[in-house]
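Here is the structure we will look at.
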Amino acid sequence: MMTAVYLISAFIIAGMLFANRNTIINNILIIIFGLVQIGFTFYACSNYKNSVLQYFTFDSLGLLLLMTLTIISIPALFHSYLYIARHDETPQSRAIYFSAIVFLITSITAAYLANHIAVIWIFTEMTTLSASMLIYHHRNKLALEGTWKYVFICAISITFVFIGILFLSLALQHAGSSDLSFANLMEYKDSLNPFWLRLAFLFIFTGFTAKLGLVPMYTAGIDAKDKAPAPAGALLASVLMNLGFVGIFRIYAVISQTSLFHWANLIIFIAAFLSIFVATVYMTKVMNIKRMFAYSGIEHMGIVMLGIAAGGIGYYAAILHIILHAFVKSSLFFQFNQLYRTFQSKSIQYVGNYFKYNPTGAVVLLLGFISATAMPPSGLFVSEFLIFRSLFEAKFIVLLIVVLLLLTIVIWAFGKNIMKILFLPVQGIDETKIPRINPWESLTQYLLLFTAIWLGLNPPSIFVQMIQDAVKILPK
Amino acid sequence: MTNVLLIIFIISLLYVSIANRIITYVRVLALQGFILFGVTFLQLKDIQTWNLVLILLETIVFKAIAVPVFLSYLIKRNKITRETEPYLPHFISLIIITLIIVITVLLANSIQDTHLDKIFFIVSLSTLFTGLYFIASRKKIITHVMGYLMIENGVFVLSLAVGNEMPNLVNLGIMLDVFASVLILGIFLNKIGDVFKAVDVDQLSNLKDY
């Protein structure tokens, strides 16, 4: 009941934001949406493990990611407000921006909680629609190019997922059932036809890689995160990637109970390794700061999927890693806007000596860098270490060594660029034009980064239990 | 009768591989829409009437009439030249598409399955790969879109194969069609025509890492 209220009220708010042209009403509506989102999260927590409206279940994975989403969406709305206020947007483009962001957050919420593959599919389609409106925000040639690529690749991927669903239904027909909910698939796991299941997994996996950011469909996401305004880019680079993870994880949980378990792991290993490799290659070349963050996301998703495929402690570590990564990456994107306001450039070439101009923001970048490269004391160190341990225990020594080598290159490239941004002075900067940035604007970034450290180093027991419960359905 | 229609559908793929003018692509898409109408009419008899009406409307109104009309309007409005401008010669395209069909036939013959009509499987998979091949091998954005529409037709054929037992999946497929086509065709192709003067993919290479 409450879920229906949430969905309807969120869509009404999105519609009102779209129609409204008044600044004050706009701000009030955003605050109301923030409250609705928080309220719904509490409602979801209090109904842990219940199913509502037939198609939604508040299970551990969905709840964990929903909490992550809500925690990130509040600063995202706040930074969007700052962003729009600073850019002298027309009321119309502001209306489109905010209604799209509300629509995006709502669709992601619904997709996290869906217990039926077709429902996940529908809401994934909605995220494509709303994300494309955000990417096209600036309405110039480059934004159009980014949007076109994103929409086209996502349309093909969503078609792939649909083909996968059709094959899945064929596999299920052999078992004499026609209900495509995950619970039902689990029930009939032994009588699913392996041939159709294999095709279904291939297509569904390929389709969701567009959202998750793995080889082969990762390309569109990079352009999207580059062209979308940074607060929206933060959502695209964190919680939207988690949506791809949810899609793959839920179907993987079914596959892992069948005879195709090892084959599916092989597919995931290949995609994950190639993603890390591709991300490494681009990281050494990239000069655009936002794209650098985006490629770092590709690398992290590769690591997450390695953990899933390796099994054992890797399952736990993968879910921990994806949550912590969302906090770290979104805070880097939130910080990017201040950086851009200081230097008016996205290119590392024209950015430097940031510590001199904005020490508070520079510390965020430094902490974000330490976290994103998984150095201690960041929480990602813990999860990455556990993933490597799982690879070691599963006897993938060669793979582990190669991945570690690649990650060393990533740390080198990332570090080189970040140190340049923070310490090396650049020529030709007119220091009188550099605006003073209010240090309080970095507060949310600090909170997100410290949450990531806290959850990694000293996780509350309820958090650990929920992750363990989420991976309970996977084989030992 | 269904088989005859589906075979015509496959032949249309071969025909489109050697077509020289864009308008031929539009006509083939319209033809495929009519064929899908026929197949749906013959194939889906067990499902509810209003559901059937919806599917028939989708095939005939949307796929066979609205989309082709809109495509030819776009071609006129954006003054897109008539050649398809493939990267590869037509002869090689023909060979590749023949290979795609042969491989899917071989693949389908290796499956022992009573739940799926093999010909549906062959037609849908070969249409899917042909569409992907068109996207990869043609220069203009509008031909990419047509490749995508072809993929959707292939997916529609596949959803018909399971349609009698799971009509909801066919409805989902229709949603996909309408949603993606409207998004891609309506909003962006219109805009791209305005912003980029010649609508080639070469123009869409300004997003770079440096």
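Keeping their order, the protein sequence lines are chains A and B.
Numbered per the numbering used here, the first sequence spans residues 284 to 759.
Numbered per the numbering used here, the second sequence spans residues 399 to 608.
No residue lacks a Cβ here, since even glycine has one placed at the ideal position from N, Cα and C.
Strand pairing of residue i, partner residues [DSSP]
i, result
"Thr-340 (chain A)", "A:Ser-334"
"Asn-571 (chain A)", "A:Ser-630"
"His-399 (chain A)", "A:Ser-464"
Buried versus exposed, by CB contacts within 10 Å (16 or more), residue i
i, result
"Phe-619 (chain A)", "buried"
"Cys-437 (chain A)", "buried"
"Trp-479 (chain A)", "buried"
"Tyr-366 (chain A)", "buried"
"Ala-534 (chain B)", "exposed"
"Gln-446 (chain B)", "exposed"
"Asn-545 (chain A)", "It should be noted that the sequence gives His, not Asn, for residue 545 (chain A). That one is exposed."
"Trp-448 (chain B)", "exposed"
"Lys-612 (chain A)", "buried"
"Ser-491 (chain B)", "buried"
"Lys-461 (chain B)", "buried"
"Gln-441 (chain B)", "buried"
"Val-385 (chain A)", "buried"
"Lys-538 (chain B)", "buried"
"Phe-554 (chain B)", "buried"
"Gly-571 (chain B)", "buried"
"Gly-459 (chain A)", "exposed"
"Phe-664 (chain A)", "buried"
"Val-414 (chain B)", "buried"
"Ile-478 (chain B)", "buried"
"Trp-431 (chain A)", "buried"
"Glu-483 (chain B)", "exposed"
"Ser-661 (chain A)", "buried"
"Ala-225 (chain A)", "What is shown of chain A runs 284 to 759, which leaves residue 225 (chain A) out entirely."
"Ala-577 (chain A)", "buried"
Close-in-space but distant-in-sequence residues of the same chain around residue i (CB under 6 Å, 5 per side omitted)
i, result
"Ala-601 (chain A)", "Val-587, Gly-590 and Ile-591"
"Ala-554 (chain A)", "Leu-497 and Val-498"
"Ile-388 (chain A)", "Ser-356"
"Leu-453 (chain A)", "Trp-479"
"Asn-701 (chain A)", "Per the sequence presented here, residue 701 (chain A) reads as Ile, with Asn not at that position. For Ile-701 (chain A), where only same-chain residues beyond five positions count, the Cβ hits under 6 Å are Phe-652."
"Thr-734 (chain A)", "Phe-610"
"Lys-516 (chain B)", "Ala-506"
"Tyr-289 (chain A)", "Phe-323"
"Thr-244 (chain A)", "No information on residue 244 (chain A) is available, as it lies outside the stretch 284 to 759 that chain A covers here."
"Thr-351 (chain A)", "Ile-606 and Ala-609"
"Tyr-380 (chain A)", "His-420"
"Thr-411 (chain A)", "Cys-437"
"Trp-404 (chain A)", "Val-444"
Neighbourhood of residue i by C-beta distance below 7 Å, restricted to the same chain and skipping five residues each side
i, result
"Ile-645 (chain A)", "Reading off the sequence, residue 645 (chain A) comes out as Ala, not Ile. Around Ala-645 (chain A): Tyr-637, Phe-638 and Leu-705."
"Thr-528 (chain B)", "Leu-411, Ile-495, Ile-498 and Met-548"
"Ser-666 (chain A)", "Ala-600, Leu-603, His-604, Leu-607 and Gly-739"
"Gln-337 (chain A)", "none"
"Val-537 (chain A)", "Phe-465, Leu-468, Met-469 and Lys-472"
"Met-524 (chain A)", "Lys-494, Leu-495, Gly-496, Gly-580 and Met-584"
"Met-299 (chain A)", "Leu-312"
"Asp-506 (chain A)", "Gly-429, Lys-432 and Tyr-433"
Same chain, Cβ closer than 8 Å to residue i, neighbours up to 5 away in sequence not counted
i, result
"Lys-573 (chain A)", "Lys-508, Asp-509, Ala-513, Gly-516, Phe-616, Phe-619 and Lys-629"
"Leu-530 (chain B)", "Gly-545 and Ile-549"
"Ile-582 (chain B)", "Val-543 and Tyr-546"
"Asn-571 (chain A)", "Asp-509, Lys-629, Ser-630 and Ile-631"
"Leu-648 (chain A)", "Leu-615, Gln-618, Leu-622, Tyr-637, Ile-701, Ile-704 and Leu-705"
Proximity test, residue i beta-carbon vs the ligand GDP heavy atom, cut-off 7 Å
i, result
"Ile-408 (chain B)", "Within the structure as shown, the ligand GDP is missing, as the structure has no ligands at all."
Q.
Any C-beta of chain B within less than 8 Å: which residues of the region 426 to 439 of chain A qualify?
A. Leu-427, Glu-428, Gly-429, Thr-430, Trp-431, Lys-432, Val-434, Phe-435, Ala-438 and Ile-439
For a minimum of 4 consecutive residues, which ranges assigned as the alpha helix (DSSP H) are wholly contained in the region 674 to 727 of chain A? 680 to 706
### Query
Could you give the uninterrupted runs of the alpha helix (DSSP H) lying entirely in the region 412 to 496 of chain B, keeping only those of 4 residues or more?
420 to 441, 447 to 455 and 465 to 475
* chain B contacts from the region 459 to 483 of chain A (Cβ-Cβ distance under 7 Å) -> Ser-461 and Phe-478
Under 8 Å (Cβ pairs) to chain B, residues found in the region 397 to 408 of chain A
Within the region 397 to 408 of chain A, the residues whose Cβ lies closer than 8 Å to some Cβ of chain B are Ala-401, Trp-404, Ile-405 and Glu-408, listed in chain order.
Entirely enclosed alpha helix (DSSP H) segments - the region 514 to 572 of chain B, minimum 4 residues: 516 to 535 and 539 to 559
Contact residues within the region 504 to 518 of chain B, judged by C-beta distance below 8 Å to chain A: Ile-509, Asp-511, His-513 and Leu-514
Check: Between the region 497 to 519 of chain A and chain B, which residues of the former have CB atoms less than 9 Å from a CB of the latter, in chain order?
Finding: So the list reads Ile-505, Asp-506, Asp-509 and Lys-510, given in the order they occur along the chain.
Check each residue of the region 551 to 570 of chain B: if its Cβ is closer than 9 Å to any Cβ of chain A, include it; give the result in chain order.
Those would be Gly-552, Val-553, Leu-556, Ser-557, Ala-559, Val-560, Glu-563, Met-564, Asn-566, Leu-567 and Leu-570, in chain order.
Margin query: If the cut-off is 8 Å on Cβ atoms, which residues from the region 482 to 504 of chain B count as contacting chain A, listed in chain order?
Written below: none
**Asked** What beta strand (DSSP E) runs, 3 residues minimum, are completely inside the region 595 to 663 of chain A?
**Response** none
Problem set entry | Where the region 419 to 452 of chain B meets chain A: residues whose CB sits under 8 Å from a CB there | Here the close residues number zero.
Curious, which full-length beta strand (DSSP E) runs of at least 3 residues does the region 344 to 382 of chain A contain? none
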